[in-house]
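Written out below as structure tokens is the structure these notes cover.
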Amino acid sequence: MTRGDDTMRRPCAIRGELGIGGAQRLFWCLFLAFVSLHGSGCGTKSELDVNTGCDADPAQLDFGTTPIGTPVRRGVTIWNLGDTPLTLQPSSDHAAFTLVDASAYPLAIEPRGFAEVIVEFDPAEAGDASGLIALGEMPCGPIACLATGSPPIRSVLADGSGPYATIQAAINAADAGDIVQLGDGTFTGPGNWDITLQGKSLTIRSGSGQRANCRIVGRSGLAGGNHILSISNGQSQSTTIKDLTIANGHGSTGGGVAIVDASPRFERVLFDGNIVTGGGGAVHVSGNSAPEFDDCEFFGNRSGVMDALMGASAAAVDPMSGGAIFVDPLTGADCVVRHSLFRENTNVYSGSGGAIYGRARISNCTFEANASFPSSGKGGACFLASGSVSRSLFADNTAGQQGSALYLASSSEGVNIVNCTIVANGVTQGSFGAAVYSEWNTSIQNCIVAFNGPLGIAFGAVSPALLCCDYYGNGDADGGAVMHRIGRDGNFAADPLFSDRGGGNYHLTAQSPCLPGGHEDCGLIGALGMLESASRRAR
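Heads up: the sequence shown is residues 33 to 571, going by this note's numbering.
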């Protein structure tokens with residue numbers, strides 16, 4: 033507690049956050065004397081409109097979110113701007129917090145003087161705690177100290193020394209809507225793998241917001257492995273996983289995450305080196321599910337791996353598809369992927385879709401160096417049964433048979449491809465469809481298909497709709513099966529003039545025919561416009 037005097041403080045208003053969900057309110061308060069409040073409890077403005085007299089409703093100060101399991105101190109400075117002493121005393125209603133240096137109360141604040149009040153909230157009460165400090169004789173002019181901001185936070189430390197020893201322990205204690213917050217470090221071992229959310233809608237996040245510093249790491253070897261995280265039972269997008277790494281998960285399907293009948297949201301999550309014998313190296317999606325992935329990265333995940341490669345028996349082989357994400361099209365599952373990077377994901381022994389297999393709506397993503405290695409592998413980057421792809425870059429992907437960038441499977445729903453750059457992809461065994469192979473109901477519009485081999489585009493029984501695309505420098509000279517479309521419907525064959533093709537910068541130079549106005553009325557062709565010294569990532 034600090035006391036002093038000052039004659040230059042001015043009265044004004046308190047603005048703060050109050051109530052679960054953080055609704056913003058403005059409080060106008062009456063006090064026993066002229067008072068100005070300042071400090072961490074006053075929100076963005078340390079101002080109060082002052083008056084004289086008693087007030088039936090207290091002035092309300094929100095002290096923000098208080099993590100459960102960690103006592104948190106907050107302070108407010110009370111200035112007496114009146115001409116008579118102001119008595120500050122605790123009320124009987126402050127069970128949710130304690131007054132630091134309580135022996136100093138009641139306390140008289142002299143005219144033009146101040147006192148700093150420090151309160152410590154009970155960690156067991158955080159998230160729904162409040163109490164009063166009285167100005168003068170109760171019930172006149174009390175100040176309500178609140179800790180009612182965002183949902184309660186369950187803190188977990190990597191070494192197990194926090195309030196909860198493991199991630200699973202924090203989930204077990206949590207209620208729907210709570211936050212499980214992880215410290216930096218590596219979380220591994222029982223309770224930090226085979227995690228289940230138990231049907232609760234929760235947020236699991238790193239406290240630092242740095243995914244590279246907060247890693248959940250699975251067990252080594254496929255034998256006995258399972259998902260690192262399982263999400264099921266109708267959990268909606270109010271379930272959020274963000275700002276962390278899920279790595280080294282091993283098992284039959286979904287080494288990182290298994291999603292069944294749920295639609296969680298993943299933000300800024302790195303899926304790194306998860307490996308399975310079946311489908312979905314990083315994520316396996318089935319049932320009535322529609323998860324969303326925003327600003328995530330999938331690196332080095334593998335599906336369809338023989339157990340012998342992991343040191344187990346070679347007899348148990350369950351090769352499947354989707355090196356990074358498997359979305360089961362037979363169950364109606366779907367997924368949305370935005371602003372994400374897929375690099376060096378593979379399906380190894382059998383199956384298709386080096387990065388994604390199934391249903392997906394993809395936008396503003398980059399797929400590079402993904403592979404469907406089997407000789408019959410289809411879709412080095414994506415094998416899609418339905419969905420859409422827009423503003424995305426496909427570079428250096430490989431398939432064994434067809435569609436090293438995209439294999440678009442037979443489906444009544446079809447797949448729409450708009451504003452994509454498809455460059456430098458190739459197949460190892462097949463003789464057609466190096467970049468894109470389409471079986472059914474496909475629309476390809478405003479795309480660059482360049483420098484792929486041995487062919488550019490091939491299609492099955494139904495010819496795709498092709499509009500305003502640049503087919504150039506592919507192994508068949510230009511477009512493959514679409515060569516007869518060049519010169520029609522805005523399609524053409526010209527060097528797209530990338531900024532630095534050799535360095536992997538596929539933005540366009542100022543002279544590119546693919547810029548708006550460069551070719552007929554097509555607008556921008558490809559995923560990336562003109563940007564100097566930019567990376568290849570489509571963001």
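We treat Cβ as the ideally placed atom computed from N, Cα and C, and that holds for glycine.
* Asked: Does the beta carbon of A413 come closer than 8 Å to any beta carbon on chain B?
  -> The structure shown contains no chain B; it is built from a single protein chain.
* Asked: Got a sec, what are the start and stop residues for the beta strand (DSSP E) N506 sits in?
  -> As a working mapping, residue 506 is identified with position 474 in the sequence shown. Neither: N506 is in no beta strand (DSSP E) and is coded neither H nor E.
* Asked: Got a sec? Which residues, its chain only, sit under 7 Å from A202 by beta carbon, not counting five neighbours each side?
  -> Numbered from its first residue, the sequence shown carries residue 202 at position 170. So the qualifying residues of the chain are R186, V188, Y196 and V212.
* **Exposure of S193, with buried meaning 16 or more beta-carbon neighbours within 10 Å** => Translated into positions along the sequence shown, residue 193 becomes position 161. With fewer than 16 other Cβ atoms within 10 Å, it is exposed.
* Asked: What's the gap between the Cα of F426 and the Cα of T541?
  -> By one-based count along the sequence shown, residue 426 stands at place 394. By one-based count along the sequence shown, residue 541 stands at place 509. In a straight line, the C-alpha of F426 is about 19 Å away from that of T541.
* Asked: With burial defined as no fewer than 16 other Cβ atoms inside 10 Å of the residue's Cβ, what is the status of L362: buried or exposed?
  -> Here residue 362 corresponds to residue number 330 of the sequence shown, with the count starting at 1. Result: exposed.
* Give the secondary structure of R520 by DSSP, where H, G and I count as helix, E and B as strand, and everything else as coil. => Counting from 1 along the sequence shown, the entry for residue 520 is found at position 488. Reduced to three states, the DSSP call for R520 is coil.
* State buried or exposed for L563, treating a residue as buried only when at least 16 other CB atoms are found within 10 Å of its CB. => Position 531 of the sequence shown, counting from 1, holds the residue named residue 563. Exposed: under 16 other Cβ atoms inside 10 Å.
* Per DSSP, W472 is paired with what? -> Here residue 472 refers to the residue found at position 440 of the sequence shown. In the DSSP assignment, W472 forms no beta bridge with any residue.
* For Q543, count neighbouring Cβ atoms within 10 angstroms of its own Cβ and tell me buried if that reaches 16, exposed if not. => Mapped onto the sequence shown, residue 543 falls at position 511. Exposed: under 16 other Cβ atoms inside 10 Å.
* Over the uninterrupted beta strand (DSSP E) stretch that includes I260, give me the two end residues. => As a first step, residue 260 is located in the sequence shown; it is residue number 228 there, counting from the start. The continuous stretches of beta strand (DSSP E) do not include I260, and DSSP gives it neither H nor E.
* **Other residues of its chain near E552: CB distance less than 6 Å, five sequence neighbours each side excluded** => In the sequence shown, counting from the first residue as 1, residue 552 sits at position 520. Closer than 6 Å at Cβ, skipping near neighbours: G522.
* Asked: From D304, D216, E324 and T474, pick the residue whose C-alpha is nearest to that of C367; which is it?
  -> By 1-based counting over the sequence shown, the position of residue 367 is 335. Measuring from the Cα of C367, the nearest candidate turns out to be E324.
* To do: Assuming S240 and D216 form a contact by the criterion Cβ under 8 Å, report the distance between their Cβ atoms to the nearest whole angstrom.
  => The sequence position of residue 240 within the sequence shown is 208, counting from 1. The sequence position of residue 216 within the sequence shown is 184, counting from 1. That pair is a contact at about 5 Å.
* **First through last residue of the alpha helix (DSSP H) which encompasses N484** => Here residue 484 corresponds to residue number 452 of the sequence shown, with the count starting at 1. N484 -> no alpha helix (DSSP H), and no H or E assigned at all.
* DSSP on L362, reduced to helix/strand/coil? -> As a working mapping, residue 362 is identified with position 330 in the sequence shown. DSSP places L362 in helix when its eight states are reduced to three.
* Could you pull out every residue in the same chain whose Cβ sits closer than 6 Å to the Cβ of T228, ignoring the five residues on either side in sequence? => Position 196 of the sequence shown, counted from the start, is the residue given in the question as residue 228. Counting only Cβ-Cβ distances below 6 Å, and skipping sequence neighbours, we find S262.
* For I557, which three-state DSSP category applies? -> Along the sequence shown, one-based indexing puts residue 557 at 525. DSSP places I557 in coil when its eight states are reduced to three.
* **Bridge-paired residues (DSSP) for S372** => Your numbering for residue 372 matches position 340 in the sequence shown. For S372, which the question treats as bridged, DSSP gives no partner whatsoever.
* Output the distance between the C-alpha atoms of F14 and A437, rounded to the nearest integer angstrom. => Because the chain spans 33 through 571 in this model, residue 14 falls outside it and cannot be assessed.
* **Reference N333; option with closest CA among F358, G305 and S318** => Along the sequence shown, one-based indexing puts residue 333 at 301. Here the closest residue by C-alpha is G305.
* Does the Cβ-Cβ distance between V315 and I291 come in under 8 Å? -> In the sequence shown, the residue the question calls residue 315 occupies position 283. In the sequence shown, the residue the question calls residue 291 occupies position 259. For V315 and I291, yes; Cβs fall inside 8 Å.
* For T235, which beta-bridge partners are listed by DSSP? -> By one-based count along the sequence shown, residue 235 stands at place 203. Looking at the DSSP output, T235 bridges to I211 and T272.
* To do: Could you work out which residue in E152, I394 and S372 is closest to T130 when comparing CA atoms only?
  => Taking the sequence shown and counting its residues from 1, one reaches residue 130 at position 98. Per the Cα distances, E152.
* How is the alpha helix (DSSP H) around Q204 delimited, first residue to last? -> Walking along the sequence shown from the start, residue 204 turns up at place 172. Note on identity: in this sequence residue 204 is Asn, with Gln being the wrong assignment. DSSP places N204 inside the alpha helix (DSSP H), whose first and last residues are I199 to A205.
* When you compare each of Y504, G354, G221 and N204 to V317 by their alpha carbons, which one comes out closest? -> Position 285 of the sequence shown holds residue 317. Ranking Y504, G354, G221 and N204 by Cα distance to V317 puts G354 first.
* Could you spell out the range, first to last residue, of the beta strand (DSSP E) harbouring E142? => The residue given as residue 142 occupies position 110 in the sequence shown. Note, E142: premise wrong, no beta strand (DSSP E); not H, not E.
* **Cβ neighbour criterion (16 or more within 10 Å) applied to E585** => An answer regarding residue 585 cannot be provided, because it is not within the stretch 33 to 571 covered by the chain.
* **Whole-number beta carbon distance between C397 and N478, since they are thought to touch under 8 Å** => Numbered from 1 along the sequence shown, position 446 holds the residue referred to as residue 478. Numbered from 1 along the sequence shown, position 365 holds the residue referred to as residue 397. The beta-carbon separation of N478 and C397, rounded to 16 Å, does not stay under the 8 Å limit for a contact.
* Asked: From which residue to which residue does the beta strand (DSSP E) around H551 run?
  -> Taking the first residue of the sequence shown as 1, we reach residue 551 at position 519. Neither: H551 is in no beta strand (DSSP E) and is coded neither H nor E.
* Considering G419, what are the terminal residues of the beta strand (DSSP E) in which it resides? -> Residue 419 sits at position 387 when you count from the first residue of the sequence shown. C414 to S422 is the extent of the beta strand (DSSP E) around G419.
* C-beta atoms of I357 and G312 nearer than 8 Å -> Position 325 of the sequence shown, counting from 1, holds the residue named residue 357. Position 280 of the sequence shown, counting from 1, holds the residue named residue 312. Yes. Within cutoff.
* Hey, how far is the Cα of I394 from the Cα of H371? -> The residue you call residue 394 lines up with position 362 of the sequence shown. The residue you call residue 371 lines up with position 339 of the sequence shown. Straight-line Cα distance between these residues: approximately 9 Å.
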